[in-house]
Each structure stands twice: as structure tokens, then as C-alpha cells.
Amino acid sequence: MKPTRPLLLDQIPEEWDLGAGPDYRRKQVAEWLFAKRANSIAEMTNLPASLRQQLESAYDFTALKLTKLQGSHDTTRKLLWELRTGDYIESVLIPASLDLFGERSDRFTLCVSTQVGCAYGCKFCASGLEGWKRNLTAGEIVAQIIETERVTKTRINNLVFMGMGEPLANYANLMQALQIINASWGVGIGARHITISTSGLAPQIRELADQPLQIRLALSLHGATDDVRQQIMPVNRKYPLAELLDACADYQEKKRKMMTLEYILIEGVNDSIEQATLLAKHARRLHAKVNLIPYNTVEGLEWRRPTDFVIDRFEAVLHAAKVTATVRREKGHDIDAACGQLRLKQLKAEASG
Ligand code: SAH
Ligand code: SF4
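With our numbering applied, the sequence shown covers 118 to 470.
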């Protein structure tokens with residue numbers, strides 16, 4: 118079910134319905150939302166009472182309620198949110214690693230969700246297990262940044278769309294959210310610090326390539342041939358590798374940005390030397406770097422991560438082919454950092470009483 122009323126955060130200032138209020142009020146409302154981080158419309162005290170009433174009657178203010186916060190300041194923190202519709206989503210806050218002097222910098226990356234559940238059903242992913250429920254609105258995407266900053270008292274300067282859901286399947290709301298996130302009157306995070314991760318929706322990748330924003334793209338590849346990819350990613354039947362890689366090459370040519378190929382290593386499925394060799398070929402063609410992610414156990418799924426020997430061997434093949442590759446041994450594993458897992462636990466807990 119969709120929310121019945123829009124959030125103030127769903128719209129850009131020109132779209133707000135101010136009733137009879139004059140246009141210069143738009144700037145004040147934006148200041149309350151983004152610069153002063155107001156907690157309610159009632160707090161916007163330099164607006165006339167009639168305008169505050171108008172806004173209260175036309176808009177919802179609060180998008181998210183914090184249900185659970187796991188982790189501490191110098192680790193990965195995971196936030197479970199309840200939406201107005203009673204659905205759950207999650208965001209993950211990742212601190213920058215220690216700098217040379219052993220001081221922790223104040224750089225934080227937030228991983229945000231774009232949908233409740235996911236329709237794409239990748240066989241290794243917790244987000245897809247319960248199917249797709251609904252798209253997040255633009256404001257529900259933006260609110261994850263604002264509420265995380267509020268709750269954790271941090272400033273987020275890097276954003277990755279790698280949470281629950283397929284961002285490019287919620288294209289219009291994603292674009293609206295990006296406009297608000299990128300704007301100087303809004304959240305103010307530069308496009309260069311924003312990465313969209315996709316399971317490979319070729320037409321939307323081409324659409325994004327024609328967009329002016331200089332957003333970074335990460336492709337969840339997870340298999341270097343149609344055969345292998347198809348086993349774990351049903352979306353590959355719709356957009357096979359040849360078509361998908363052509364769309365990515367188009368993106369790379371138009372944006373001149375370094376792409377990332379994400380590759381979850383699953384024992385006996387996609388961890389062979391042959392797959393590594395072909396992956397290197399794709400990476401070189403796209404001038405992409407590769408992130409190798411050892412499979413993270415999901416309750417109810419039978420897959421396993423390869424041994425360290427096999428992981429190192431896979432990485433070595435990429436390095437020998439002069440491809441930049443990094444193994445992501447996530448610190449967040451112990452708190453279920455792969456997105457979708459905290460929500461799954463919550464749903465199971467509610468189902469059992
Ligand atoms: N739908 C988009 C973005 C969200 S998926 C996409 O697929 O790219 C979020 C990321 O979580 C994916 O890139 C995938 O690499 C990672 N992921 C999902 N399940 C995982 C698991 N079991 N172990 C490790 N990473 C996982
Ligand atoms: Fe959806 Fe991405 Fe999970 Fe696949 S990996 S089910 S596309 S969220």
C-alpha cells in the first residue's frame with residue numbers, strides 16, 4: 118500500500134503547495150528542512166500560523182521511525198526504520214577507515230534502500246526473499262540520510278544506493294530524490310560522491326547515461342558468463358550479458374567515470390579461474406575496478422563462501438590481468454550488514470509472535 122499523503126521531503130520547493138503563501142516562503146521552508154533540520158512543521162516559527170496550518174493539512178512530516186540501531190561509533194552501524202505504512206527498511210552507516218595518524222576521520226558513507234523488498238529475486242540476497250512490496254517515495258529515500266545524521270550525530274558525505282531494492286526499478290522517485298540530495302538548498306551531497314548499484318537493468322543504465330548528473334555506477338555482475346549469472350540472477354534472462362555490457366560501455370563512454378563491478382564470490386558457483394579470466398576481460402573493456410565480496414551467510418540459504426585460498430587465487434587472476442580488484446572483507450558481517458537481513462529478522466520475529 119502506498120502512503121496516502123505526500124511528505125514535504127517528496128517534493129522540490131517549487132512543487133510545495135503553500136496555499137496563499139508567497140513564493141519567498143519556499144526558501145524559508147527549505148532552510149527549516151535542510152539547514153536547521155526541524156523536527157516538525159510547528160517548529161518553523163518564522164512562518165505565519167496560517168501557512169504552518171496549510172502545510173500540516175497538505176503534508177506528512179515524519180517519514181521514518183527508528184526501530185533498531187546496531188553497532189557503535191567506530192564500526193558499521195545498521196539502522197532499521199519503520200515507514201508510515203508499517204513496512205520496514207534499513208540503512209547502513211559505514212565509517213571511513215583509520216587514516217595514517219590513527220585518527221578516525223569524519224567521513225561517513227550511508228548505504229540507502231530504494232524499495233520495500235525487491236522483485237528481482239537474486240538467489241543469494243535477503244532483500245529478494247519476501248518479494249517486492251512497494252517503491253519508496255523520493256522523501257523516504259532522502260529521509261534516510263537526514264534521520265541517520267540526526268540519530269547518529271554524524272555528517273554523511275558519501276552515498277551508495279546498495280540497500281534494499283533495485284534503484285533503477287524505481288527510476289522516477291530515484292531521480293527526484295537525487296535532485297533533492299544534490300541541490301545546494303537540499304542535502305548538498307555532490308554527484309561524484311553518489312554511487313548507484315544495479316543488478317543490470319540495461320535500458321535504465323542507458324537512460325542514466327543521458328542524464329547530466331555525474332553519478333557513479335556499480336554493476337552487480339556476480340557471474341562472467343550468461344550460464345553462471347543466470348543460475349543466481351534471474352534478471353539475466355531479461356537482459357543477457359552482451360546487452361548489459363554494451364549499456365555499461367555506453368555509460369562509461371558518456372560519463373568517463375570509473376565504473377565498479379561488484380562480484381559476490383560463492384563457493385562452486387562463480388569462483389573458478391575461468392570466471393576470473395572472463396571477469397578481467399569485461400573489467401578491462403569497461404575500464405572498471407572490481408569489488409570482490411565473499412558471500413555473506415543469509416539464514417535459510419544454502420550457499421557458502423569460498424576458502425581464503427580460492428578467494429586469493431581469484432583476486433590474483435584479476436591482478437595478473439592488470440585489473441584493480443579489492444576483496445571486501447566487511448567488518449559489518451557480525452551485525453548482518455548485507456542489506457535486507459535485519460528486516461528479514463524483524464519480519465520473522467513478528468510472524469512468530
Ligand atoms: N539491487 C541493487 C542494489 C542493492 S543490492 C543491486 O543488486 O546491485 C545490494 C548489494 O548487496 C548487492 O550489490 C550485493 O552485492 C550485496 N549482497 C546481497 N546479498 C549478499 C550476500 N548474501 N552476501 C554479500 N553481499 C550481498
Ligand atoms: Fe534485488 Fe539487488 Fe538483492 Fe538482487 S541483489 S534481489 S536486485 S536487492
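Every residue gets a Cβ at the ideal spot worked out from N, C-alpha and C, and that includes glycine.
Rounded to the nearest whole angstrom, the C-alpha separation of residue 359 and residue 160 is 54 Å. Under the 10 Å beta carbon count, residue 130 is surrounded by 16 or more other beta carbons and is classified as buried. The Cβ atoms of residue 330 and residue 315 lie no closer than 8 Å to each other. With contacts defined as CB atoms closer than 8 Å, residue 328 and residue 288 fail to qualify as a contacting pair. Assignment of beta-bridge partners to residue 312 by DSSP yields 277, 333. Taking the Cα positions, residue 291 is about 34 Å away from residue 431. Residues with their Cβ less than 5 Å from any non-hydrogen atom of ligand 2, running along the chain, are 235, 237, 239, 242, 244, 245, 283, 316. As the crow flies, the alpha-carbon of residue 371 is around 15 Å from that of residue 309. For residue 232, the uninterrupted beta strand (DSSP E) segment begins and ends at 232-234. Just measuring C-alpha positions, the residue of 133, 138, 137 sitting nearest residue 147 is 133. Apart from sequence neighbours up to five positions away, the residues of its chain that approach residue 273 with a beta-carbon distance below 8 Å are 210, 225, 226, 227, 262, 265, 266, 306, ordered along the chain. In the structure shown, the three-state DSSP call for residue 244 is coil. The Cβ-Cβ distance between residue 408 and residue 445 falls below 8 Å. Per DSSP, residue 442 is not a residue of any alpha helix (DSSP H); the beta strand (DSSP E) it occupies stretches across 442-444. 388 is the residue among 187, 184, 388 whose C-alpha sits nearest the C-alpha of residue 338.
Here the C-alpha atom of residue 295 lies approximately 10 Å from the C-alpha atom of residue 313.
Looking at the DSSP output, residue 410 bridges to 381. Ranked by Cα distance from residue 414, the options 383, 400, 405 are led by 383.
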